[in-house]
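These notes are about the structure you will find just below.
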Amino acid sequence: MVTRSLRPAARSRLTARERARRAARGGASRSVPAPLLVPALIAVLFLVLPLAGLLIRAPWGRLVAALSGSDAIAALTLSLWTATVSTAISTVIGVPLAWVLARTSFPGQRLLRALVTLPLVLPPVVGGVALLLAFGRTGFVGRYLDSVFGLTIPFTPLAVVMAETFVAMPFLIITVEGAFQSADQGFEEAAATLGARRMTVFRRITLPMVAPSLGAGAVLCWARALGEFGATITFAGSFPGQTETMPIAVYYALENDPDAAIALSLVLLLVSVVVLVSLRDRWLRGSPL
Amino acid sequence: MTEPDHGGLTVDVEVTRGSFTLTVSLVAEPGQVIGLLGPNGAGKSTLLSAVAGLTPVSAGRITLAGQLLDDAELGTFVEASGRPIGFVFQNYRLFPHMSVADNVAFSPRARGQGRQAARAAASYWLGRLGLTELADRKPGQLSGGQAQRVALARALAGLPSLLLLDEPLSALDAGTRLDVQAELKRHLADFSGPCLLVTHDPIEALVLADQVVVLEQGRVVQQGTPAVIARQPGTDYVAKLVGLNLYAGRADGSAVTLTEGGTFVIPDHGQHGDVLVAVRPSAIVVSTGPPQSSSARNTWQAKIAGLTLLADRVRLDLDGPPHALADVTPAAVSDLSLDPGSQVWLSVKATDLEVYSRSD
Chain R
26 MVTRSLRPAA
36 RSRLTARERA
46 RRAARGGASR
56 SVPAPLLVPA
66 LIAVLFLVLP
76 LAGLLIRAPW
86 GRLVAALSGS
96 DAIAALTLSL
106 WTATVSTAIS
116 TVIGVPLAWV
126 LARTSFPGQR
136 LLRALVTLPL
146 VLPPVVGGVA
156 LLLAFGRTGF
166 VGRYLDSVFG
176 LTIPFTPLAV
186 VMAETFVAMP
196 FLIITVEGAF
206 QSADQGFEEA
216 AATLGARRMT
226 VFRRITLPMV
236 APSLGAGAVL
246 CWARALGEFG
256 ATITFAGSFP
266 GQTETMPIAV
276 YYALENDPDA
286 AIALSLVLLL
296 VSVVVLVSLR
306 DRWLRGSPL
Chain F
121 MTEPDHGGLT
131 VDVEVTRGSF
141 TLTVSLVAEP
151 GQVIGLLGPN
161 GAGKSTLLSA
171 VAGLTPVSAG
181 RITLAGQLLD
191 DAELGTFVEA
201 SGRPIGFVFQ
211 NYRLFPHMSV
221 ADNVAFSPRA
231 RGQGRQAARA
241 AASYWLGRLG
251 LTELADRKPG
261 QLSGGQAQRV
271 ALARALAGLP
281 SLLLLDEPLS
291 ALDAGTRLDV
301 QAELKRHLAD
311 FSGPCLLVTH
321 DPIEALVLAD
331 QVVVLEQGRV
341 VQQGTPAVIA
351 RQPGTDYVAK
361 LVGLNLYAGR
371 ADGSAVTLTE
381 GGTFVIPDHG
391 QHGDVLVAVR
401 PSAIVVSTGP
411 PQSSSARNTW
421 QAKIAGLTLL
431 ADRVRLDLDG
441 PPHALADVTP
451 AAVSDLSLDP
461 GSQVWLSVKA
471 TDLEVYSRSD
């Protein structure tokens, strides 16, 4: 009788700790094959190195001075309030749209859903051009706003809010729509048998039950609005104090005051980390939205 | 045609869901508890859903206290929120984001009462069901029995004219089920409107209901008081549920010729034509030889197909004809060396055979 010996690779040392882990949770070896490990490490380096560079090059000594200089505070203030306002607008009009997409059916619904999510994949600059063509002084809507109400939108803070809302609202809509779809409708049936009309059901049952997703969607929407660059600079321009948001300020500062650009970038990085921490329950544990 | 305005529920409907059709006609008087008994997929929950207004009927009508709720021919349909009903769902469906008190106050509030009045109504019903100290808890912090009581309080707080209960005890473990069942019986007795109670547990139906409607594959196969259902099951399904042997046959004089083969002799049963014969498994005597002097008039040979140990006895599955389930003591199994495949004699006294006409 011939016994085949084990291939060397299949034999390895198993530490007591690893033995205990496998016994408790089952599962096979956790070692990573080299063809996967090397690209994975390259990916990590690629993602982490630039951020490390930002921290290394940061003018820590004169950070406050760099930030307080000229337009930084104005840009930060503008970015914070426009992102917040566009998130509020997105919530007020986006949540009802998400409900309509999730809970009703009508002809052309698929097309509508595609249109609504288009800004997710559309280059933001194109969004800015589109907004300009619609709401610009000579745009097909803006023309009447200008002549009838004397309202000029482009290159104003309102234009910043509109550009940010256009780009960021779809994030909120798709997050909340998914939640509306997966929410257990048994609770809504129960509410109906207890005498609640549809609007009461929405307000007291459906909305509270999707609240965690609404929160996540709002944070995503806010973060996207805060980082908006292309649509904003196209539709709203970059007037310091008026329409120059943080990302735009960073871009211009890089030319004449690199230290200020780095300082501003650090602020945005800090905000992003805060956003990530606030979403950690949903993202860092690998669960889907 | 007008229904008498007596507060009762009349249902005469067909509900089609895909390829499944439910055809039911029933009347529930005020204060009466109708137990809807049937296997999974028989249409019990579909019926509740139609009465509640969660599923429109495909044909026929539903009226409550003379008020038309749904009429497929006229096109009348009262939305669920407009029906004076209380619904206790199978898994209760307590709103997870609200306290117990807010759950119970939900219906009074949704039906137009002010915040204060709704809160007062909630505390009344919480007190009545012994839930006052749980008022501030969230549904996730309740035991099964507590959640069941909260669900009942929430349904009753809307002052419904009709109560619908969908397997109200099925989510409970066996230990608490009996207590909650006794309690539920008390509360149902206090309720003045009609009540439909869905269950697949025969004991639940027999204990809680005044009248039992047996549904199988979307049709009513038997209707009657719990006593009648338990003694004279109309189908094999019901017979199995209540633990009886059931035989279909033709009565001619004192002899009943069974459809599956074999004859029972039962003097003075007074039935003619198609009949059903029911007999308790414990009434069947098992012996290894032909019974000698015995008052039993009916004996036949059978082969043991299987043995199952029940709590304190062994149930024999016997091939006849006629087939039978018979209960013996574990001691008898070893004394008579009963094994699968062995031949035995069965006998049953004529007085233990319940003969009744087949209703369908």
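Chains as they are written, first to last, in the working numbering: chain R, 26 to 314; chain F, 121 to 480.
A virtual CB, placed ideally from N, CA and C, is assigned to each residue, including glycine.
Keep in mind it's a predicted model, so treat the numbers as computed, not measured.
The DSSP assignment places 282-286 as complete runs of the beta strand (DSSP E) inside the segment 238-287 of chain F, in order along the chain (cut-off: 3 residues).
With respect to the 8 Å criterion, F:VAL332 and F:LEU157 are classified as neighbours on the basis of their beta carbons. Each residue's CA atom was taken as its position, placing F:SER312 and F:THR143 some 27 Å apart. Taking 9 Å as the Cβ-Cβ cut-off, the segment 196-223 of chain R approaches chain F at ASP209, GLY211, PHE212, GLU214, ALA215, ALA216, ALA217, THR218, LEU219, GLY220, ALA221, ARG222, ARG223, given in chain order.
Going by DSSP, F:TYR367 is part of the beta strand (DSSP E) stretching over 365-372. Contact of R:THR225 with chain F is assigned, a C-beta pair being separated by under 8 Å.
The beta carbon of F:LEU378 sits closer than 6 Å to the beta carbons of TYR367, GLY369, PRO442 from its chain, once the five residues preceding and following it are set aside; these are given in chain order. Here the segment 78-88 of chain R makes contact with the segment 280-291 of chain R; the two share three or more CB pairs at distances below 8 Å.
Identification of chain F residues near R:MET234 by a Cβ-Cβ cut-off of 7 Å yields HIS217, ordered along the chain. Straight through space, the alpha carbons of R:ALA49 and F:ASN211 are spaced by roughly 33 Å.
With at least 16 other beta carbons inside 10 angstroms of its own, R:THR112 counts as buried.
The beta carbons of F:ILE404 and F:VAL468 sit closer together than 8 Å. Within the model, the alpha-carbon separation for R:ALA221 versus R:VAL275 is close to 52 Å.
Contact between the segment 159-172 of chain F and the segment 315-330 of chain F is established, with three or more Cβ pairs separated by less than 8 Å. The shortest C-alpha to C-alpha distance from F:ALA425 to any of F:GLY381, F:LEU456, F:VAL464 is the one to F:VAL464. Less than 8 Å separates the beta-carbon of F:LEU445 from that of F:ASP437.
Secondary structure at F:ARG417: coil, using DSSP grouped into helix, strand and coil. The three-state reading of DSSP puts F:LYS423 in strand, counting E and B together.
Separation of F:ARG351 and F:PRO228 (C-alpha to C-alpha, rounded to the nearest whole angstrom) is 43 Å. Taking 8 Å as the cut-off, the beta carbon of F:PHE215 is found no closer than this to the beta carbon of R:THR218.
Within the same chain, and ignoring the five residues on either side of F:VAL475 in sequence, the residues whose Cβ sits closer than 6 Å to its Cβ are ILE386, HIS389, GLN391, VAL395, VAL397. According to the DSSP assignment, F:ASP447 belongs to the beta strand (DSSP E) that extends over 444-448. Taking a C-beta cut-off of 9 Å against chain F, none of the residues of the segment 264-279 of chain R qualify. In the structure shown, F:ARG435 falls within a strand segment according to DSSP collapsed to helix, strand and coil. For F:GLY234, no Cβ of chain R is located within less than 8 Å of the residue's own Cβ. Within the segment 120-202 of chain R, the complete alpha helix (DSSP H) segments of 4 residues or longer fall at 134-146, 149-160, listed in chain order. Contacts between R:ILE67 and chain F, judged by CB atoms closer than 7 Å, are missing: the closest CB pair is about 45 Å apart.
In this structure R:LEU251 is in contact with R:SER104, their Cβ atoms being roughly 6 Å apart against a cut-off of 8 Å.
Counted as a single uninterrupted DSSP element, the alpha helix (DSSP H) harbouring R:GLY78 occupies residues 59-82. Contact annotation: the segment 352-359 of chain F does not touch the segment 178-195 of chain F, with fewer than three C-beta pairs closer than 8 Å.
Taking 8 Å as the CB threshold, F:ALA172 lines the interface with chain R. Scanning its chain for C-beta atoms nearer than 6 Å, with the 5 sequence neighbours on each side dropped, one finds around F:VAL448 the residues VAL406, VAL434, in chain order. Around the beta carbon of R:THR257, a 10 Å sphere encloses 16 or more other beta carbons of the protein chains shown; the residue is thus reported as buried. Across the set F:GLY202, F:GLN301, F:SER281, the C-alpha of F:GLN301 shows the shortest separation from the C-alpha of F:GLU287. With fewer than 16 other CB atoms across the displayed protein chains lying within 10 angstroms of its CB, R:THR102 is exposed. Taking C-beta atoms as the reference points, R:GLY242 and R:PRO149 fail to come closer than 8 Å.
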